[in-house]
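Visitor:
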Amino acid sequence: MTYTVGSYLAARLAQIGLKHHFAVAGDFNLALLDQLLTNEETEQVYCCNELNCGYAAEGYARANGAAAAVVTFSVGGLSIINAIAGANAENLPVILISGAPNTNDRATDHLLHHTMATSDLSYQLDIAARITCCAVAITSPDKAPSQIDRAIRAALRESKPAYIEIACNIAGAPCAAPGPVSSLLAQAPSDADTLEAAVSAAADFIKARKKPLILIGSKLRAAKAEPAAQALAQALGCPVAVMAAAKSFFPETHPQFAGIYWGEVSSPTTREIVDWSDGLICIGTLFNDYSTVGWTSNPAGANVLTLDIDHVSLAGHDFSGVRLAEVLDGLATRVEANPTALNELHRLRAAPAAVPEAPPEAKLSRTEMMRQIQGLLTGDSTVLVETGDSWFNGMNLALPEGARFEIEMQWGSIGWAVPATFGYAVGAPGRQVIAMIGDGSFQLTAQEVAQMIRRKLPILIFLINNRGYTIEVEIHDGPYNNIKNWDYAGLINVFNAEDGEGLGLRAGTGGELAEAITRARGNANGPTLIECALDRDDCSPNLISWGRRVATANARPPQPK
Ligand code: TPU
Ligand code: MG
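In structure tokens form, the structure reads like this:
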């Protein structure tokens, strides 16, 4: 078979396990899309716009480990930037592929459409270089294979997005055949001496503590070290608390699970036990203003051992160039079991109170809605929660063994959830995909529900209509937090048009919600959106506490120099 630049790229995408790639067409990428279509192992999945395309790829990468999004030059390429920067913040290898102008138009004074009517054609590459780990522009078929490989290898190694731009007259040009894919998949191993020194220093740290405790953060998944973290936990026998952004990265059914650590808004007793520990083993953690609740809970100092994706640090030591999974594996063989903090946790912890069922005709409340969502979850469920009160409500869900939880907490761009849920469901057929999305967020990217309908995906969306930007209300209120109400459930028929099987339902009481959920379960050939009508003030108490702290942090006056 003779390869072209485009079919070479398609082969690489298929080889790294992408059964799908997401795309929006435009004249600068049409020849490329044709070439990608020649490969039957990676299917083209279309999106309504490029921002959604980026989020869909981001969601797919959460389910599948990596993803690709194909857009046209400039009008598409600049629109997708938010989602790609988000993938960077969230440590997800999304490969952004953009069509680009014909090579003959470069270095001429030709003015091209989709540009700012100047002959500058490099701005998209410059911008992409700022938000990806590797950005390449392909203008010659000879160099294309090595450039494509370099970008994909970097994305997979660093778990960050990469950028590949392909001139429209090069996509179909013949090029060399791809070599073995192992050169793209191989991880850089740790330096053996540094690994030994890091493991030894970390083991000494743990040995010297009376009550060690593990805290899991969101970078654990990017490091592909979830099993290794479990093995270390097993060996240590200590409590394992999980940060909000890492919910589900350690099984909540595990006897050592100590709840969600999120400062003042942690699960009951979790903050007490974390604060009580004299040796906090932070694995893949990330502390920002939100996760530290406005800098009120920011673990640091001599009692903290940090095991990051590629480095280990503790008081007096800093080792880089070591892989997290290898550090954890090494530590698991060296530590001795120390259940002191786990015993204390059991003394502190009361059995969780069961939430009573609300009378079916009573107005729907947040607690009743969450009680019913909890009842839906199985080991095959994935719950995606959008920025808003859904973050806080989602934290309280008890996840059965195998259930997954997705949250875009570092980037926090509203509008993420609808397309990310779509992409996730494309990447995880067979899972029960449930999204909790606020009315304000939904309004940004609502049209991607149409793609769920198009692909007949049985996604379940809980659209929480509390008539506004409640999370913002709790941080800082004003008229800008009020939004135009929509007929959210009615929108599904708009998207169904003549052939769709999406279902839009409304629930104003607990009974209506239960009935809607039953109907959703019977709707196998399309998504179901259940619009849950809540009072504007019916938000989680944790959101209120957290919002106050974040507001205080945001309002700090400038410090005198
Ligand atoms: O449950 P609730 O009402 O808090 O959620 P809803 O209705 O989705 O409101 C979310 C409100 C919100 C805004 C406006 N959360 N964060 N923001 C700020 C923001 C603005 N634009 C983007 C792209 N991302 C943001 N996070
Ligand atoms: Mg809202």
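Following numbering that gives the first Met the number 0, the residues of the sequence shown are numbered contiguously, the last one being 560.
All C-beta atoms, glycine included, are put in the ideal place defined by N, C-alpha and C.
Quick caveat, the model's predicted, so the values are computed rather than measured.
(1) Give the secondary structure of G509 by DSSP, where H, G and I count as helix, E and B as strand, and everything else as coil.
(2) With a threshold of 16 other CB atoms inside 10 Å of the CB of R11, please say whether the residue is buried or exposed.
(3) Do N90 and S158 have their beta-carbon atoms positioned less than 8 Å apart in this structure?
(4) Please determine if the stretch 310-325 and the stretch 422-438 are in contact, where contact requires at least 3 C-beta pairs separated by less than 8 Å.
(5) Tell whether a beta-carbon distance below 8 Å holds between D388 and G437.
(6) Considering only C-alpha positions, which residue in the set G25, H20, A65 and Q34 is nearest to A1?
(7) Write down the C-beta distance between G422 and Y59 rounded to the nearest angstrom, noting that I regard them as a contact closer than 8 Å.
(8) Relative to the ligand MG, is the shortest distance from any of its heavy atoms to the C-beta of I474 smaller than 7 Å?
(9) Is any heavy atom in the ligand TPU found nearer than 7 Å to the beta carbon of T469?
(10) Note down, in chain order, each residue of its chain lying with its Cβ closer than 7 Å to the Cβ of L330, except the 5 sequence neighbours on either side.
(11) How about N481: is its Cβ closer than 7 Å to a heavy atom in the ligand TPU?
(12) Look at the Cβ atom of I169, then the Cβ atom of L8, and state whether they are nearer than 8 Å.
(13) By the 10 Å Cβ neighbour count, where 16 or more other Cβ atoms means buried, how is L110 classified, buried or exposed?
(14) Quick one: which unbroken alpha helix (DSSP H) runs of 4-plus residues sit fully inside the stretch 72-99? Chain order, please.
(15) To the nearest angstrom, report how far apart V70 and T114 are at their CA atoms.
(16) With 16 other CB atoms within 10 Å as the buried threshold, where does H141 fall?
(17) So, are the CB atoms of V93 and A56 less than 8 Å apart?
(18) Taking C-beta to C-beta, are L17 and A66 nearer than 8 Å?
(19) Who are the Cβ neighbours of I215 in its own chain at under 8 Å, not counting the five residues just before and after it?
(20) So if DSSP puts G437 in a beta bridge, which residue, or which two residues, is it bridged to?
(21) What residue from I463, Q371 and I413 has the CA that sits closest to G510's CA?
(22) Between the alpha carbons of I80 and Q558, how many angstroms are there, rounded?
(23) Quick one: any contact between the stretch 406-423 and the stretch 376-391, if contact means 3 or more CB pairs under 8 Å?
(24) What residue range is occupied by the uninterrupted alpha helix (DSSP H) comprising Q373?
(25) Sorry if obvious, but does the Cβ on D141 come closer than 7 Å to a heavy atom of the ligand MG?
(26) Let me make sure I understand the geometry here. Which of G477, A187, L533 and S181 has the alpha-carbon closest to that of L363?
(27) Applying the 10 Å Cβ sphere with the 16-neighbour rule, what's the burial state of P351?
(28) Can you find a heavy atom of the ligand TPU that lies under 7 Å from the Cβ of I433?
(29) How close, in whole Å, do the beta carbons of A22 and Y54 come, if the pair is a contact with beta carbons under 8 Å?
(30) Which residue wins for smallest C-alpha separation from I308, given the options Q255, A349, A301 and A222?
(31) How far does the beta strand (DSSP E) with G258 in it extend, from its first residue to its last?
(32) Check F423 in the structure and name its three-state DSSP category.
(33) Considering only their Cβ atoms, is the gap separating A68 from L50 smaller than 8 Å?
(34) Is the Cβ-Cβ distance between G300 and F204 less than 8 Å?
(35) Pick helix, strand or coil for G602, following the three-state DSSP scheme.
(36) Please report how far the alpha carbon of H563 lies from the alpha carbon of L398, in whole angstroms.
Guide: In terms of the structure at hand:
(1) By 1-based counting over the sequence shown, the position of residue 509 is 510. Reduced to three states, the DSSP call for G509 is helix.
(2) By 1-based counting over the sequence shown, the position of residue 11 is 12. It counts as buried.
(3) If you number the sequence shown from 1, residue 158 lands on position 159. If you number the sequence shown from 1, residue 90 lands on position 91. Closer than 8 Å, so yes.
(4) no
(5) In the sequence shown, counting from the first residue as 1, residue 388 sits at position 389. In the sequence shown, counting from the first residue as 1, residue 437 sits at position 438. Closer than 8 Å, so yes.
(6) As a working note, residue 1 is residue 2 in the sequence shown. Before going further, note that residue 1 is Thr rather than Ala in the sequence given. Closest by alpha carbon: Q34.
(7) Counting from 1 along the sequence shown, the entry for residue 422 is found at position 423. Counting from 1 along the sequence shown, the entry for residue 59 is found at position 60. Contact holds; Cβ gap of about 4 Å.
(8) Here the question's residue 474 lines up with position 475 in the sequence shown. No, the ligand MG has no heavy atom inside 7 Å of this Cβ.
(9) As a first step, residue 469 must be located in the sequence shown, where it is residue number 470. At least one heavy atom of the ligand TPU is nearer than 7 Å to the Cβ of T469, so yes.
(10) Residue mapping note: residue 330 aligns to position 331 of the sequence shown, counting from 1. Answer for L330: V198, A201, A202 and L231, listed in chain order.
(11) As a working mapping, residue 481 is identified with position 482 in the sequence shown. Flag unset: Cβ of N481 not near the ligand TPU.
(12) Within the sequence shown, residue 169 is the residue found at index 170, counting from 1. Within the sequence shown, residue 8 is the residue found at index 9, counting from 1. No, Cβ-Cβ distance for I169 and L8 is not below 8 Å.
(13) For the purposes of this step, residue 110 is taken as residue 111 along the sequence shown, with counting starting at 1. That one is exposed.
(14) 80-88
(15) In the sequence shown, counting from the first residue as 1, residue 70 sits at position 71. In the sequence shown, counting from the first residue as 1, residue 114 sits at position 115. Between V70 and T114, the C-alpha separation is close to 15 Å.
(16) The sequence position of residue 141 within the sequence shown is 142, counting from 1. Here residue 141 turns out to be Asp, not His, going by the sequence shown. D141 should be labelled exposed.
(17) Position 94 of the sequence shown holds residue 93. Position 57 of the sequence shown holds residue 56. A contact, by the Cβ cut-off of 8 Å.
(18) Position 18 of the sequence shown, counted from the start, is the residue given in the question as residue 17. Position 67 of the sequence shown, counted from the start, is the residue given in the question as residue 66. Yes.
(19) Within the sequence shown, numbered from 1, the residue matching residue 215 stands at position 216. A228, V239, A240, V241, M242, A245, F248, F249, I282, G283 and T284.
(20) Start at 1 with the first residue of the sequence shown, and residue 437 comes out as number 438. Note: G437 sits in a beta bridge opposite I463.
(21) On the sequence shown, position 511 is the one that residue 510 refers to. Selected option, being the one with the closest Cα: Q371.
(22) Locating residue 80 in the sequence shown gives position 81, where the first residue counts as 1. Locating residue 558 in the sequence shown gives position 559, where the first residue counts as 1. So the two alpha carbons sit approximately 33 Å from each other.
(23) yes
(24) Reading the sequence shown from its first residue, position 374 is the one you call residue 373. R365 to L375 is the span of the alpha helix (DSSP H), which, as asked, contains Q373.
(25) The sequence position of residue 141 within the sequence shown is 142, counting from 1. No, the Cβ of D141 stays beyond 7 Å of every heavy atom of the ligand MG.
(26) As a first step, residue 363 is located in the sequence shown; it is residue number 364 there, counting from the start. If we check each option's Cα against that of L363, L533 comes out closest.
(27) On the sequence shown, residue 351 is found 352 positions in, with the first residue counted as 1. Classification of P351: exposed, given that the 10 Å Cβ count is below 16.
(28) For the purposes of this step, residue 433 is taken as the residue at position 434 of the sequence shown. Incorrect: I433 has no Cβ contact closer than 7 Å to the ligand TPU.
(29) As a working mapping, residue 22 is identified with position 23 in the sequence shown. As a working mapping, residue 54 is identified with position 55 in the sequence shown. Between Y54 and A22 the Cβ distance is about 14 Å, and since that is not below 8 Å, they are no contact.
(30) For the purposes of this step, residue 308 is taken as residue 309 along the sequence shown, with counting starting at 1. Here the closest residue by C-alpha is A222.
(31) In the sequence shown, the residue the question calls residue 258 occupies position 259. F256 to Y260 is the span of the beta strand (DSSP E), which, as asked, contains G258.
(32) Here residue 423 refers to the residue found at position 424 of the sequence shown. A small correction: the amino acid at residue 423 is Tyr; Phe does not occupy that position in the sequence shown. Reduced to three states, the DSSP call for Y423 is helix.
(33) If you number the sequence shown from 1, residue 50 lands on position 51. If you number the sequence shown from 1, residue 68 lands on position 69. Cβ distance not < 8 Å, so L50 and A68 don't count as in contact.
(34) Here residue 300 refers to the residue found at position 301 when the sequence shown is read from its first residue. Here residue 204 refers to the residue found at position 205 when the sequence shown is read from its first residue. For G300 and F204, no; Cβs fall outside 8 Å.
(35) In this structure the chain extends from 0 to 560, so residue 602 is not present and cannot be described.
(36) Residue 563 cannot be examined here, being either before or after the span of the chain that is shown, 0 to 560.
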